[in-house]
Amino acid sequence: MSTGGGSRAPVPMPPPVPVIAIDGPTASGKGTIAQRVADALGFHYLDSGALYRVTALAALRAGVATTEAAAVAAVAAALPVAFPGGRIELGGEDVGDAIRAESISEAASIVAAHPAVRAALLDRQRAFRKAPGLVSDGRDMGSVVFPDAVLKVFLTASAEIRAQRRHKQLMEKGLAANLPAILHDLRMRDARDSGRAVAPLQAGAPEAVLDSDGLTIEQVVAIVLERYDLAVRVQASGRSAGAGGSTLQG
Ligand code: CDP
Numbered sequence: 003m004s005t006g007g008g009s010r011a012p013v014p015m016p017p018p019v020p021v022i023a024i025d026g027p028t029a030s031g032k033g034t035i036a037q038r039v040a041d042a043l044g045f046h047y048l049d050s051g052a053l054y055r056v057t058a059l060a061a062l063r064a065g066v067a068t069t070e071a072a073a074v075a076a077v078a079a080a081l082p083v084a085f086p087g088g089r090i091e092l093g094g095e096d097v098g099d100a101i102r103a104e105s106i107s108e109a110a111s112i113v114a115a116h117p118a119v120r121a122a123l124l125d126r127q128r129a130f131r132k133a134p135g136l137v138s139d140g141r142d143m144g145s146v147v148f149p150d151a152v153l154k155v156f157l158t159a160s161a162e163i164r165a166q167r168r169h170k171q172l173m174e175k176g177l178a179a180n181l182p183a184i185l186h187d188l189r190m191r192d193a194r195d196s197g198r199a200v201a202p203l204q205a206g207a208p209e210a211v212l213d214s215d216g217l218t219i220e221q222v223v224a225i226v227l228e229r230y231d232l233a234v235r236v237q238a239s240g241r242s243a244g245a246g247g248s249t250l251q252g
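Using the numbering used here, you'd call the opening residue of the sequence shown number 3 and step up by one each time.
#1: Between K32 and the ligand CDP, is there a pair consisting of the residue's CB and a ligand heavy atom that are separated by less than 8 angstroms?
#2: Helix, strand or coil: how does DSSP classify K175 here?
#3: DSSP state of D231, grouped into three classes?
#4: Any idea which residues DSSP pairs D96 with across the strands?
#5: Between R38 and the ligand CDP, is the CB less than 8 angstroms from at least one heavy atom?
#6: Based on DSSP bridge pairs, tell me the residues matched to H186.
#7: Let's test the definition: count the other Cβ atoms within 10 Å of the Cβ of T218 and tell me whether it reaches 16, buried, or not, exposed.
#8: Does the distance from the CB of A52 to the CB of M143 come in under 9 angstroms?
#9: Which whole-angstrom value is the C-beta distance of V119 and A84, which I expect to be below 8 angstroms?
#10: If you draw a straight line from the C-alpha of A183 to the C-alpha of G65, how long is it?
#11: Please confirm whether any heavy atom of the ligand CDP lies closer than 8 angstroms to the CB of M190.
#12: Which runs of the alpha helix (DSSP H) spanning at least 4 residues fall entirely within the region 104-148, listed in chain order?
#13: Between T34 and the rest of its own chain, which residues show a CB-CB distance below 8 angstroms, the 5 nearest in sequence each way excluded?
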């Protein structure tokens, strides 16, 4: 084949680092499932909700009201957050427990509704995409942060089952827990996360939905891994069908 003169063959783009995006409502088990899927595949893991929670905690500590969009966005942009060895640190302090308090769950849901806060956290989330792959969980992983994710899962369960799971979790930690109150708070948060104007919680394609009612953690993990395997095969066959150069699509 001549290489002189004429137009050069396009250099094939390497396949992008694969992302599995797991979105879903509160207490749907996203965190547990995403972490286990990441472990099974040897992938990195991003708990995007933790970034909103740390932002809320940092804002409250700085005396910034969660409703002050611009001020909270400034806190988010300068957030001294780090995840050494799976811990969550704010300015070097381990805040893993502090950010799980119910008051912070509520505050995180309020700060997450500000577009400026979401914009301030976008690049930070994308920076987690490193070889060999990433499993990320949140509300807008598949719709906004990683729209080219090879697999998108919308993990859900009925409000009653989710409330029971959260109740059990709190009891196991020895914390006070009232089931009707948990169910009420969970419905409020569902409504706020789904009804907000920016990056609302949404199921996306019907085939993304995975309803975990009646399924064990192991069963859900196995389904996600099966879907991933299938998605990778479909992607690979698409690439070889388009022989002559797989190019990256946005
Ligand atoms: O544990 P839970 O599912 O209740 O919450 P989380 O995933 O830790 O997220 C805390 C809050 O951050 C949620 O109520 C959402 O409002 C918000 N969030 C978001 O808006 N977008 C994300 N990608 C992740 C969380």
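For glycine and all other residues, C-beta sits at the position ideal for the given N, C-alpha and C.
Being a predicted model, the structure only gives us computed values, none of them experimental.
Considering the structure as presented:
#1: yes
#2: coil
#3: helix
#4: E91
#5: no
#6: Its beta-bridge partners do not exist; DSSP assigns none.
#7: exposed
#8: no
#9: Actually they do not touch by this definition, with Cβ atoms about 19 angstroms apart.
#10: 28 angstroms
#11: no
#12: 104-113, 117-128
#13: I219
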